[in-house]
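Trainee:
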Amino acid sequence: MIKHIIQREFFDHLNSLRFALTVIIMAALMVTNAVVHLQSHPDKVRSYSENVAGDRDTLQSRTDLYELLRKGPGKLYKQPSSLTFIADSSDAFLPDRGTQNWGSWSRTVGFGTQVKSIWSADYPTANPNSRDLRPKATKIDWVFIITYLLSFIPLLFTFDALSGERENGTLRLCLANSISRPALLTGKFLGTLIAVLIPFYFAVLLNLAVISTDTWTQLGAADWGRLGMILLIASGYASIFIAVGLMVSGGTRDTRVSLVVLLIIWVALVVFMPSTLGTLSTKWMSPVQTAHQRETARRSALDQINDDFQKRMTDKQVAKSQTGNLLNQFMDLMKTSPKAAEKLAKEKEAELRAAMANLESQKADEEELRIKAEFVNKDVEIRERLNRAHLQAQLAQVQRARVVTRFSPAAIVQYALESMTGTGLKRHLQFLDSVHLHMRQFRNFITETDRADTESLHIIGIPEGMSKKPISPQALPSFADKITFSDTFNAAIVDMLLLLGLLGISLLGAFFVFSRSDI
Amino acid sequence: MLHTLIRQEILGHLMSARFLAAVVITLLLVVANTVVLIDAHENRVASYSQQAKVHREKAVAAETYSELKLFVERPPNPLSLLSAGLEKRLGTTVEIYHGEVPTISSVSARNLENPYLNLFSQIDLVSIFQVVLSLLALLFAYDAIAGDWESGTLRLVISHPVGRGAILLGKYIAAMICLLLPVLMSLLIVMLQLSLASSIQLGTTDFLRIGGIVATTIVYLSVFYLIGLLISTMTRRTATSLMLCMFLWVILVLVYPNWSRFTLNPVGDMRPERQSAYQQVEQIWEEVDREEQRFLANSPLEGEPPRFNIGYSGSSSSSGRRYGFNMTKVNADSEPSLPHFQDYQAFIGTTHIRAAEKIGLINEQRWARTSIRQATWDERLMKFSPASLYTFATSAWVGTDIDGMLDFVGAVQAYRQILIDYLHDKDAFASRRWFASDQGAVDWWDLPQFRFAPVDVSENAQRALMDVSLLFVMNLVLFMVSFLIFIKVEV
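The listed protein sequences derive, respectively, from chains A and B. Take the numbering used here: the final residue in the first sequence is number 562, and no numbers are missing along the way. Take the numbering used here: the final residue in the second sequence is number 496, and no numbers are missing along the way.
1. With a 10 Å radius around its C-beta and 16 neighbouring C-beta atoms as the bar for buried, classify Arg-209 (chain A) as buried or exposed.
2. Taking its Cβ as the centre, do 16 or more other Cβ atoms sit within 10 Å of Asp-139 (chain A), making it buried, or is it exposed?
3. Tell me which residues share the same chain as Thr-69 (chain B) and place their Cβ nearer than 7 Å to its Cβ, disregarding the 5 neighbours each side in the sequence.
4. Which residues, in order along the segment 315-348 of chain A, keep a beta-carbon less than 8 Å from a beta-carbon of chain B?
5. For the structure I just gave you, are there three or more beta carbon pairs, one from the segment 486-504 of chain A and one from the segment 412-427 of chain A, closer than 8 Å?
6. So which residues on chain A does Thr-268 (chain B) lean against when the C-beta distance must stay under 8 Å?
7. Would you tell me roughly how many angstroms separate the C-alpha atoms of Ile-425 (chain B) and Leu-470 (chain B), rounded to the nearest one?
8. In terms of residue numbering, what span does the alpha helix (DSSP H) encompassing Arg-359 (chain B) cover?
9. Taking Pro-187 (chain B) and Ala-45 (chain B) to be in contact with their CB atoms under 8 Å, please state how far apart those CB atoms are, rounded to whole angstroms.
10. Measuring only the C-alpha atoms, how far is His-479 (chain A) from Val-441 (chain A)?
11. Anything in the segment 378-408 of chain B with a Cβ closer than 8 Å to a Cβ of chain A? List those residues in chain order, please.
12. Distance cutoff 7 Å, beta carbons only. Does Asn-368 (chain B) sit that close to anything in chain A?
13. Along chain B, in chain order, which residues have C-beta atoms closer than 7 Å to that of Val-478 (chain A)?
14. Considering only C-alpha positions, which residue in the set A:Gly-263, A:Gly-115, A:Ala-388, A:Lys-382 is nearest to Gln-484 (chain A)?
15. The beta strand (DSSP E) with Leu-75 (chain B) in it runs from where to where?
16. If I measure Cβ to Cβ from Gly-465 (chain A) and keep anything under 6 Å in the same chain, skipping five residues before and after, which residues do I get?
17. Check whether the Cβ atoms of Val-486 (chain B) and Leu-235 (chain B) lie closer than 7 Å to each other.
18. Taking contact to mean 3 or more Cβ pairs, one atom from each stretch, closer than 8 Å, check whether the segment 368-385 of chain B and the segment 58-76 of chain B are in contact.
19. Tell me which residue opens and which closes the alpha helix (DSSP H) that Arg-443 (chain A) is part of.
20. Which residues in chain A have a C-beta closer than 8 Å to the C-beta of Thr-245 (chain B)? List them in chain order.
21. In terms of residues, what are the limits of the alpha helix (DSSP H) holding Phe-330 (chain B)?
22. Answer yes or no: do Ser-133 (chain A) and Met-316 (chain A) have a C-beta to C-beta separation smaller than 7 Å?
23. For Asp-165 (chain A), name the three-state secondary structure that DSSP assigns.
24. Based on the DSSP secondary-structure assignment, which residues constitute the bridge partners of Tyr-317 (chain B)?
25. What residue range is occupied by the uninterrupted beta strand (DSSP E) comprising Gln-56 (chain B)?
26. Let me check understanding here. Comparing Cα to Cα, which of B:Ser-463, B:Val-478, B:Phe-477 lies closest to Thr-209 (chain B)?
27. Rounded to whole angstroms, what is the Cα-Cα separation between Gly-97 (chain A) and Gln-261 (chain A)?
28. Can you check which of these residues, A:Leu-542, A:Ala-71, A:Tyr-458, is closest to Pro-242 (chain A) by C-alpha distance?
29. Should His-8 (chain B) go down as buried or exposed, given a rule of 16 or more other Cβ atoms within 10 Å for buried?
30. Please classify Trp-148 (chain A) as buried or exposed, where buried requires at least 16 other C-beta atoms within 10 Å of its C-beta.
31. In three-state DSSP terms, what is Tyr-147 (chain B)?
32. For a cutoff of 7 Å on Cβ pairs, would you count Tyr-349 (chain B) as touching chain A?
33. Are the CB atoms of Ala-351 (chain B) and Phe-434 (chain B) within a distance shorter than 7 Å?
34. Out of curiosity, what's the CA-to-CA distance linking Ser-376 (chain B) and Ala-401 (chain B)?
35. Can you pull out the residues from the segment 114-145 of chain A whose beta carbon lies closer than 8 Å to at least one beta carbon of chain B?
36. Using CA atoms only, rank isn't needed, just tell me which of A:Ala-444, A:Ala-63, A:Ala-130 is closest to Arg-470 (chain A).
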């Protein structure tokens with residue numbers, strides 16, 4: 044019997060105007076998406092491989108261990124997903140690389156001792172908006188098509204499914220037969236689902252057919268697996284809205300009321316909630332430090348270790364020098380009365396110069412090197428700690444906002460699709476993890492290589508203290524960013540479960556409302 | 006008779022579920038978003054004044070003229086909460102430097118606290134009207150004629166001595182009055198919320214701008230109502246009319262604007278334009294270098310510019326062709342060459358200003374031909390959708406459109422000129438204080454302040470006029486067509 048209802052429901056839809064319009068609009072959008080992808084994807088892939096190759100070449104040109112430490116592991120680029128046409132809009136706001144160069148410093152301390160900074164991790168941000176004069180728009184990717192159309196069209200297919208039949212009396216007729224209400228509802232649900240999904244899958248096939256002509260997009264087995272999951276998510280999302288449509292339609296007598304209620308629900312849930320809730324939630328968030336506050340915090344932390352270092356270095360050098368007394372005297376005078384110091388310098392110019400020269404020519408002893416290395420490493424540590432903390436504060440804000448936006452199924456499905464595609468925030472967080480892992484490996488490599496060299500002083504951070512042996516480029520740990528099926532699946536699983544829960548609730552609601560309503 | 010028709014229609018609309026639902030959702034969205042937007046605006050005002058203070062401190066901290074680092078900040082526009090436009094997307098900070106004419110690309114956004122939050126698009130109040138009320142307009146219209154036709158009331162009404170035009174007009178006026186209600190209610194609530202927020206003070210001209218937005222909203226909603234009316238007169242069944250209306254709405258409001266922006270690219274490749282601009286700039290700098298060589302050939306200065314062989318203690322900083330000196334003490338043996346050094350600085354200062362002016366022109370042209378042209382073309386194509394027209398018109402009213410942003414760039418350029426005049430007045434380039442603070446630091450007490458006032462309302466009205474009249478023409482055409490069809494239609 045259910046089969047019969049499904050059939051009837053399905054054929055009814057098949058002949059309707061809305062079905063034809065759905066086919067046209069879905070197909071048009073999906074083909075557009077594919078064509079735009081064909082135009083833009085090659086550039087993306089090309090620039091990624093160029094960037095990676097450039098990064099690798101510069102890294103391998105450095106054969107000196109200290110040089111490696113000083114210049115760092117490179118920019119560490121993020122691999123673009125081969126499925127970018129599915130979810131692409133968020134990636135514009137996420138950086139395409141793991142680290143950025145903030146520059147370097149070199150400083151002269153005490154009596155002409157040079158200290159140079161080594162590499163520390165700084166995180167780039169992407170702000171494509173800041174110079175973009177073009178009008179605001181959302182990219183037409185699968186996420187756009189699914190979140191907007193696969194929610195709007197189910198509502199148009201279901202708003203009169205029960206209320207319409209109730210209005211013209213066929214519902215009474217139908218239930219006069221030996222059909223249970225759940226059976227009728229299930230039949231309607233499945234019939235509509237098939238009718239909604241046929242245009243969608245047809246459009247998806249068109250889209251994939253166009254994309255398969257592209258040599259730049261090669262889809263492997265794992266990609267097809269992800270694609271399958273994505274289609275499953277989309278179908279689940281459409282089912283939620285069909286269930287909601289049936290619920291409202293089953294509870295109202297008037298098709299017009301049913302339509303208006305559904306449209307309002309749709310506008311609120313799909314169009315406004317994802318952004319409104321996202322921005323609304325920032326109101327109650329602990330603020331992120333402003334650029335000025337960050338700069339001040341960094342200055343004060345760095346100044347502290349800097350002063351400490353200057354003092355230790357000067358003390359050390361003065362104590363070391365044989366004519367320490369004279370130099371000491373001179374340094375003290377410089378602080379208190381420069382005029383007297385000048386006088387002293389004129390009187391004992393030769394002796395002073397000799398003392399300075401002596402100091403410089405003397406081979407810097409190990410302790411001095413250690414003080415220098417300690418300072419350089421502390422500098423890196425402070426910078427990285429502050430940068431990391433800032434990044435984490437920023438990301439924490441976004442994640443909290445995302446939790447709040449999950450009230451909207453459109454947001455949930457967007458996040459699930461992005462994670463499955465290998466774009467979006469979850470993927471970026473995974474990418475950052477692998478960047479951090481690589482940074483650790485890179486530093487370990489330097490320490491290990493240095494430890495293997497018996498001639499080295501094992502003082503990491505300054506050229507004199509480290510191994511001078513040239514390193515073979517092959518030994519360097521290489522950064523290869525990969526998108527794996529398990530990673531994307533793990534990132535998407537929570538959102539997928541949420542969708543499943545929503546589907547269950549809306550189906551239950553539809554059954555409950557319909558079984559309690561008068562005919 | 007028309008009066009009765011209108012009254013009856015209004016009553017019908019006001020008692021309907023759709024009106025109630027749409028008003029409730031509009032007001033809810035407006036209240037929730039206004040709370041966020043006012044909060045965001047207050048944050049921006051706070052950050053603006055803090056930044057302005059930091060910039061000021063940085064500027065007066067310079068001990069020599071060449072060390073001056075002057076930044077200005079774009080003040081936040083309170084009306085941007087109605088129509089955000091480019092206001093929050095573009096950067097707000099510009100550096101003023103005599104050797105560079107600022108363009109739209111010099112405006113930087115590096116003070117943004119959390120760029121990741123751009124993942125959530127900001128909603129302005131106009132976008133709520135744009136989406137919700139256009140939907141309501143269509144819901145009012147889809148069964149206006151088709152519904153009456155189906156239920157047979159149309160025949161009844163026409164049997165009375167009332168013209169068909171009057172029926173159409175009556176329905177139109179009634180629906181427009183009902184559509185205006187949620188707009189006015191929303192604005193009232195926004196005004197209430199604004200009056201509670203201390204940071205936002207609106208002046209008379211701001212109210213004129215809001216009035217302009219209300220007028221534009223009416224014209225916009227009228228377009229959607231007339232689209233619905235046209236469909237309703239053309240179809241005999243409300244179901245068909247409804248489906249056509251809904252799909253058309255999705256296309257006009259959601260799909261087309263995004264589609265046209267991403268698929269159509271009428272400007273094409275802009276790289277050659279950029280390349281040629283770079284080359285021209287390169288040539289100008291080569292010319293400057295040649296002039297510098299010529300000058301140095303006649304100058305007794307020795308050594309490499311810009312330090313030459315001048316012995317001093319102090320600091321110097323450089324970025325590109327820009328040098329900042331702060332000689333706290335000049336060695337006695339370098340003292341005789343200082344007048345020549347001053348001559349050199351005066352020469353290089355004026356040369357750089359002249360070069361900057363030329364480069365500024367080239368960049369201006371380059372931007373006009375690339376980014377601005379692209380943005381204008383995008384806008385033009387998007388204007389096929391009344392929803393986009395509405396967005397552009399409203400952002401023109403509040404001054405958050407491209408023109409508004411270019412106004413700011415213009416003000417910044419004018420301020421740079423004022424700064425140059427100020428430096429010339431002080432004879433700064435040729436003075437010793439340009440590079441040395443050994444005879445006292447520069448006193449910046451009379452450094453001119455930057456001010457940016459939004460353009461006059463009439464100017465805004467002119468900018469919005471084009472879009473509003475396009476909407477108006479759409480209205481006329483739609484009404485004429487529905488009228489003609491309705492006259493011919495068999496009842």
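Every residue gets a Cβ at the ideal spot worked out from N, C-alpha and C, and that includes glycine.
Mentor: So, from the listed chains and residues:
1. Position 166 of the first sequence, counting from 1, holds the residue named residue 209 (chain A). Arg-209 (chain A) counts as buried, since no fewer than 16 other beta carbons sit within 10 angstroms of its beta carbon.
2. The residue you call residue 139 (chain A) lines up with position 96 of the first sequence. Buried, since its Cβ has 16 or more Cβ neighbours within 10 Å.
3. Position 64 of the second sequence, counted from the first residue, corresponds to residue 69 (chain B). Apart from the 5 residues on each side of it in sequence, Thr-69 (chain B) sits with its Cβ closer than 7 Å to the Cβ of Phe-330, Asn-331, Arg-438, Trp-439, Phe-440, Ala-441, Ser-442, Val-447 in its chain, given in chain order.
4. Only those residues of the segment 315-348 of chain A whose C-beta falls short of 8 Å from the nearest C-beta of chain B are listed: Phe-315, Pro-317, Ser-318, Thr-319, Gly-321, Thr-322, Leu-323, Thr-325, Lys-326, Pro-330, Val-331, Gln-332, Thr-333, Ala-334, His-335.
5. Yes, since at least three Cβ pairs between the segment 486-504 of chain A and the segment 412-427 of chain A fall closer than 8 Å, the two stretches touch.
6. Counting from 1 along the second sequence, the entry for residue 268 (chain B) is found at position 263. Per Cβ cutoff of 8 Å: Thr-75, Val-78, Val-79, Ile-183.
7. Position 420 of the second sequence, counting from 1, holds the residue named residue 425 (chain B). Position 465 of the second sequence, counting from 1, holds the residue named residue 470 (chain B). Each residue's Cα considered, the two are about 37 Å apart.
8. As a first step, residue 359 (chain B) is located in the second sequence; it is residue number 354 there, counting from the start. Note, Arg-359 (chain B): alpha helix (DSSP H), 343-374.
9. As a working note, residue 187 (chain B) is residue 182 in the second sequence. As a working note, residue 45 (chain B) is residue 40 in the second sequence. Wrong, their Cβ atoms sit about 24 Å apart, outside the cutoff.
10. Locating residue 479 (chain A) in the first sequence gives position 436, counting from the first residue. Locating residue 441 (chain A) in the first sequence gives position 398, counting from the first residue. Using only the alpha carbons, I get a separation of about 20 Å.
11. Of all residues in the segment 378-408 of chain B, Gln-379, Ala-380, Asp-383, Glu-384, Met-387, Ser-393, Thr-396, Phe-397, Ile-407 have a Cβ within less than 8 Å of some Cβ in chain A.
12. As a working mapping, residue 368 (chain B) is identified with position 363 in the second sequence. No, no contact with chain A.
13. Along the first sequence, read from residue 1 onward, the residue named residue 478 (chain A) stands at position 435. Per Cβ cutoff of 7 Å: no residues; Val-478 (chain A) is ~16 Å from chain B at best.
14. Stepping through the first sequence from its first residue, residue 484 (chain A) is reached at position 441. Taking only the C-alpha atoms, the option nearest Gln-484 (chain A) is A:Gly-115.
15. Position 70 of the second sequence, counting from 1, holds the residue named residue 75 (chain B). Segment 75-78, the beta strand (DSSP E) holding Leu-75 (chain B).
16. In the first sequence, residue 465 (chain A) corresponds to position 422, counting from 1. The answer, listed in chain order, is Ser-124, Ile-526, Thr-531.
17. As a working mapping, residue 486 (chain B) is identified with position 481 in the second sequence. As a working mapping, residue 235 (chain B) is identified with position 230 in the second sequence. Cβ distance < 7 Å, so Val-486 (chain B) and Leu-235 (chain B) count as in contact.
18. No, the segment 368-385 of chain B is not in contact with the segment 58-76 of chain B.
19. As a first step, residue 443 (chain A) must be located in the first sequence, where it is residue number 400. Here the alpha helix (DSSP H) through Arg-443 (chain A) covers 409-448.
20. For the purposes of this step, residue 245 (chain B) is identified with residue 240 of the second sequence, where counting begins at 1. Within chain A, Leu-60 have C-beta atoms less than 8 Å from the C-beta of Thr-245 (chain B), given in sequence order.
21. Here residue 330 (chain B) refers to the residue found at position 325 of the second sequence. Segment 327-335 is the beta strand (DSSP E) holding Phe-330 (chain B); no alpha helix (DSSP H) there.
22. Numbered from its first residue, the first sequence carries residue 133 (chain A) at position 90. Numbered from its first residue, the first sequence carries residue 316 (chain A) at position 273. No.
23. The residue given as residue 165 (chain A) occupies position 122 in the first sequence. Reduced to three states, the DSSP call for Asp-165 (chain A) is strand.
24. Taking the first residue of the second sequence as 1, we reach residue 317 (chain B) at position 312. B:Val-335.
25. One-based indexing of the second sequence puts residue 56 (chain B) at position 51. Unbroken run through Gln-56 (chain B) is the alpha helix (DSSP H), 22-65; no beta strand (DSSP E).
26. Position 204 of the second sequence holds residue 209 (chain B). Closest option to Thr-209 (chain B), Cα to Cα, is B:Ser-463.
27. The count along the first sequence starts at 1 and reaches residue 97 (chain A) at position 54. The count along the first sequence starts at 1 and reaches residue 261 (chain A) at position 218. The alpha-carbon atoms of Gly-97 (chain A) and Gln-261 (chain A) are separated by roughly 23 Å.
28. Within the first sequence, numbered from 1, the residue matching residue 242 (chain A) stands at position 199. The shortest C-alpha separation from Pro-242 (chain A) is found at A:Ala-71.
29. Here residue 8 (chain B) corresponds to residue number 3 of the second sequence, with the count starting at 1. Label assigned to His-8 (chain B): exposed.
30. Counting from one through the first sequence, the residue named residue 148 (chain A) turns up at place 105. Residue burial annotation: Trp-148 (chain A) is exposed, with fewer than 16 other C-beta atoms found within 10 angstroms of its C-beta.
31. By one-based count along the second sequence, residue 147 (chain B) stands at place 142. Coil at Tyr-147 (chain B), not helix or strand.
32. Taking the second sequence and counting its residues from 1, one reaches residue 349 (chain B) at position 344. Under the Cβ distance rule, Tyr-349 (chain B) does not count among the residues neighbouring chain A, no pair being separated by less than 7 Å.
33. As a position in the second sequence, residue 434 (chain B) is number 429, starting the count at 1. As a position in the second sequence, residue 351 (chain B) is number 346, starting the count at 1. Closer than 7 Å, so yes.
34. Start at 1 with the first residue of the second sequence, and residue 376 (chain B) comes out as number 371. Start at 1 with the first residue of the second sequence, and residue 401 (chain B) comes out as number 396. Each residue's alpha carbon lies about 19 Å from the other.
35. Residues passing the 8 Å Cβ filter: Ser-133, Phe-136, Leu-137.
36. Taking the first residue of the first sequence as 1, we reach residue 470 (chain A) at position 427. Of the listed residues, the one whose Cα sits closest to Arg-470 (chain A) is A:Ala-130.
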